Amino acid sequence: MAALVIAGVVGGGGYYGYSYLKARFGSAEDYAGSGNGESVEVEIPNGATVAQMGSILKEAGVVASTQAFVDAATADKRSTGIQPGTYTLQKKMSSASAIAVLVDPSKLNVLTIPEGKRAVDVYKMIDKKLGKPEGTTAQVAQQQAKNLGLPAWAVSTRKVRDPLEGFLYPTRYDLSKETTPESLLKQMVKNANDKYAALGLEGKAKELGLANPYELVIVASLVQVEGNKHDDFRKMSEVIYNRLKPSNTATNQKIEFDSTINYIKGTSNINVSREETRKIDDPYNTYRYAGLPPGPISNPGDEAVNAALDPDKGGWMFFVSIDGNTTTFTKTFAEHDKLVTEFNERQKKKSGG
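According to the working numbering, the residues represented by the sequence shown are 926 to 1278, in order.
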């Protein structure tokens, strides 16, 4: 009987010892394959460690164990590039399969709005990303504009084409199943409000000779579209402010930007004809009407907004876009006229004229 008792103790100790050693040093539990077909959304927060990611995935039912995910991530060097955001995965995936999704930027459920996009283009991007019929977001914007969080100062004395123009902040937006066109537009407007408030637009508008901060957003939107490179932005900003001065007789306070003609037409043409500048009777036509257009013509990024707040002091009055990528600035009309003549000659040669 004593021998049996001892054997039982040793047997029991061996079982528990084996379990401990397996948990401590053996292979961690892992699923096989790429999932069972049941989709699940998982959000990876900014700054999450690999272990924290594994814990989040295990809790969501994606991987079998945190340790298996950590082991797979350690073996796959690409895991150091996992970006924060929302991903659509499947339940019961092998850790290696889960990592393959997380390291693929195209699998990240996000929408990135580039700097300078027009509102109409942003609406189309939202429709496509959310799988909505084209025109859905534009309709929401039109019907709900007053309920999307625009600041009280976002008003114009003239009729604007789109009140959200200039407030669809260009950046990356994380999406989920609950994301709607309305919720996304609200987030964009909020981001713009936060950025404009942080930069102190309300206080700085008067310092720059503008009637209100809304006009500052208009200036930034012009800078964004006309300045082909960030290096151009501050010079472009000064051109606008110089042309708005009452003492300016060279342009009679007309900004005369081709970008405003393109905005009216919904085009992006660097070679706008003089006939178009005279023919189009629209308040956004800055060749025909003095001063700023009624509203922004794009959604500017940080660099363009900062340039609108801090224009260059080089005395710039004119500019010519040489090839759509390079812009040359001048201080006198004579210099400008020479560049325009050279530009027209190049365009003539290109067309075989």
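Virtual Cβ for every residue (Gly too), placed ideally from N, Cα, C. Since the structure is predicted, the reported quantities are computational estimates derived from the model, not experimental observations.
Apart from the five residues just before and just after residue 1163, which ones in its own chain have a Cβ nearer than 6 Å to its Cβ? 1236, 1237 and 1241
Rounded C-alpha distance that separates residue 1082 from residue 1243: 28 Å
Do residue 1152 and residue 1115 have their C-beta atoms within less than 8 Å of each other? no
Assuming residue 1035 and residue 1086 are in contact, meaning their beta carbons sit under 8 Å apart, how far apart are those beta carbons, in whole angstroms? Rounded, the Cβ-Cβ distance is 28 Å, inconsistent with contact.
Let me check one thing: in DSSP terms, what residues is residue 1111 bridge-paired to? DSSP, once it has assigned bridges, lists no residue as partnering residue 1111.
Buried or exposed: residue 948, going by 16 or more other Cβ atoms within 10 Å of its Cβ? Model confidence at residue 948 stands at a pLDDT of 47, short of 50, so the residue's coordinates are unreliable and nothing is read from them.
Report yes if the CB atom of residue 1010 is closer than 8 Å to the CB atom of residue 1099, and no otherwise. yes
Might you give, ordered along the chain, the residues of its own chain that have their beta carbon closer than 6 Å to the beta carbon of residue 1094, omitting 5 neighbours on each side? 1113, 1116 and 1117
Using only CA atoms, which one of 957, 1015 and 1201 lies nearest to residue 967? 1015
So who's on the other strand from residue 1014, going by DSSP bridges? 965
Would you report the Cα separation of residue 953 and residue 991, rounded to the nearest angstrom? 8 Å
Going by the CB atoms, is the gap between residue 1089 and residue 1123 shorter than 8 Å? no
If you draw a straight line from the alpha carbon of residue 1262 to that of residue 1119, how long is it in whole angstroms? 42 Å
To which residues of the same chain is residue 1084 closer than 8 Å at the C-beta, ignoring the five residues directly before and after it? 1208 and 1219
Of all the beta strand (DSSP E) runs that stay within the bounds of the stretch 1101-1155, which reach a length of 3 or more residues? none
Starting from residue 1020 and walking both ways along the beta strand (DSSP E), at which residues does that stretch end? From DSSP, residue 1020 is part of no beta strand (DSSP E) but of the alpha helix (DSSP H) over 1020-1027.
Whose C-alpha, out of 1141, 1253 and 1171, is nearest the C-alpha of residue 1221? 1141
By the DSSP assignment, the beta strand (DSSP E) with residue 1036 in it spans what residues? 1035-1037
I'd like the list of long-range same chain contacts for residue 970, defined as Cβ closer than 7 Å, with 5 residues on each side in sequence excluded. 1009
What is the rounded straight-line gap between the Cα of residue 1188 and the Cα of residue 1180? 14 Å
Starting from the Cα of residue 1155, find the closest Cα among 996, 1258, 1232 and 1217 and give me that residue. 1232
Quick check for students: name the residue ranges of the beta strand (DSSP E) that lie wholly in the stretch 1156-1182, counting only runs of 3 or more. none
Rounded distance between the beta-carbons of residue 1041 and residue 1150, thought under 8 Å: 6 Å
Taking the beta strand (DSSP E) that residue 1099 falls in, what are its first and last residues? 1097-1099
Quick check: residue 1019 and residue 957, are their CB atoms within less than 8 Å of each other? yes
Please classify residue 1259 as buried or exposed, where buried requires at least 16 neighbouring CB atoms within 10 angstroms. exposed
Work out the CA separation of residue 1165 and residue 1051 for me, nearest whole Å. 32 Å
I need the DSSP call for residue 1216, collapsed to helix, strand or coil. strand
Quick one: what's got a C-beta closer than 8 Å to residue 1107's C-beta in the same chain, skipping five residues either side? 1065, 1069 and 1073
Relative to the C-alpha of residue 1211, which candidate in 1196, 1178 and 1228 has its C-alpha closest? 1178
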